Amino acid sequence: MKCPYCGNIDTRVIDSRPADDGTTIRRRRSCDACNKRFTTYEKVETIPLIVIKKDNNREQYDRTKLEGGVLRACYKRPVAAADIQATIDSIETAIFSREEKEIPSSQIGEIVMESLKKLDPVAYVRFASVYREFKDVNTFMDELKKILE
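In terms of the UniProt record's numbering, the sequence shown opens at residue 1 and continues consecutively.
What follows is the structure, given as structure tokens:
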């Protein structure tokens, strides 16, 4: 790491610890040439994920949209907030573990439905009814039969 004071490239780490946000490493460094100390922060570089929508438009992945959909599905259901957050985290992990730069929204929807099926069956049906755009009661009943089997 280059010293911000003298420009020397020989610096050493004195102390290393997680920063307050938990996603960054705070490093205290010392320059071997001028003996001044400075702090650096190290953060994992993430590749932006692009979501391919049904109409083939592309937009950057937005966690708040995922949270909104899951929270709407779980509205007034006896599901703990911690369980909802854990589910959202697991969905996001499944999405990013594919290590792809682009992912169709249909794949995200399927991952969400699988997770909601385990979390709460009513939340699953609510999400599926919007996601799969049920046209009538028969398609709704078909989905309910799948859950009951």
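Glycine included, each C-beta is placed from N, C-alpha and C at the ideal position.
Quick caveat: nothing in here was measured; it's all calculated off a predicted structure.
Legend entry - Simplified DSSP state of I103, which is helix, strand or coil: The residue you call residue 103 lines up with position 103 of the sequence shown. Looking at I103 - three-state DSSP - the assignment turns out to be strand.
Legend entry - alpha helix (DSSP H) segments (min. 4 residues) lying fully within the stretch 16-77: 63-73
Inset, instruction - Kindly indicate the opening and closing residues of the alpha helix (DSSP H) around E129. - result: Residue 129 sits at position 129 when you count from the first residue of the sequence shown. According to the sequence provided, residue 129 is Ser. The question's Glu does not apply to it. Run containing S129: P121 to Y131, per the alpha helix (DSSP H) assignment.
Inset, instruction - Could you check the C-alpha separation between I103 and D136 for me, to the nearest Å? - result: Locating residue 103 in the sequence shown gives position 103, where the first residue counts as 1. Locating residue 136 in the sequence shown gives position 136, where the first residue counts as 1. Going by the C-alpha atoms only, they are around 29 angstroms apart.
Inset, instruction - Along the alpha helix (DSSP H) that carries N138, what are the first and last residues, could you check? - result: Working through the sequence shown from its first residue, we reach residue 138 at position 138. First-last of the alpha helix (DSSP H) with N138: V137 to L148.
Inset, instruction - Check whether the stretch 79-91 touches the stretch 127-142, counting contact only when three or more Cβ pairs, one atom from each stretch, lie closer than 8 angstroms. - result: With contact defined as three or more Cβ pairs closer than 8 angstroms, the stretch 79-91 and the stretch 127-142 are not in contact.
Inset, instruction - Return helix, strand or coil for I9, following the three-state DSSP convention. - result: Translated into the one-based positions of the sequence shown, residue 9 becomes position 9. I9: coil per DSSP, three-state reduction.
Legend entry - Length of the line joining the Cα atoms of G7 and I14: Indexing the sequence shown from 1 puts residue 7 at position 7. Indexing the sequence shown from 1 puts residue 14 at position 14. So the two alpha carbons sit approximately 18 angstroms from each other.
Inset, instruction - Can you give me the start and stop residues for the alpha helix (DSSP H) that S97 sits inside? - result: Residue numbering aside, residue 97 sits at position 97 when the sequence shown is read from its first letter. Premise fails: S97 is in no alpha helix (DSSP H) and is neither H nor E.
Inset, instruction - Keeping to the same chain, check which residues put their C-beta closer than 8 angstroms to that of R17; ignore five residues upstream and five downstream. - result: Taking the first residue of the sequence shown as position 1, residue 17 is located at position 17. Hits under 8 angstroms: I25 and R26.
Legend entry - Same chain, Cβ closer than 8 angstroms to M113, five either side skipped, listed in chain order: In the sequence shown, residue 113 corresponds to position 113, counting from 1. Excluding positions up to five away in sequence, the list reads Y124, F127, A128 and Y131.
Legend entry - At least 3 beta-carbon pairs within less than 8 angstroms: the stretch 51-69 vs the stretch 90-109: yes
Legend entry - Cβ neighbours of F38 in the same chain (closer than 6 angstroms, five flanking residues each side left out): One-based indexing of the sequence shown puts residue 38 at position 38. Once the five neighbours on either side are set aside, the close Cβ partners of F38 are P4 and R29.
Inset, instruction - Keeping to the same chain, check which residues put their C-beta closer than 8 angstroms to that of L144; ignore five residues upstream and five downstream. - result: Position 144 of the sequence shown, counted from the start, is the residue given in the question as residue 144. Cβ neighbours of L144 beyond the five flanking positions: V125.
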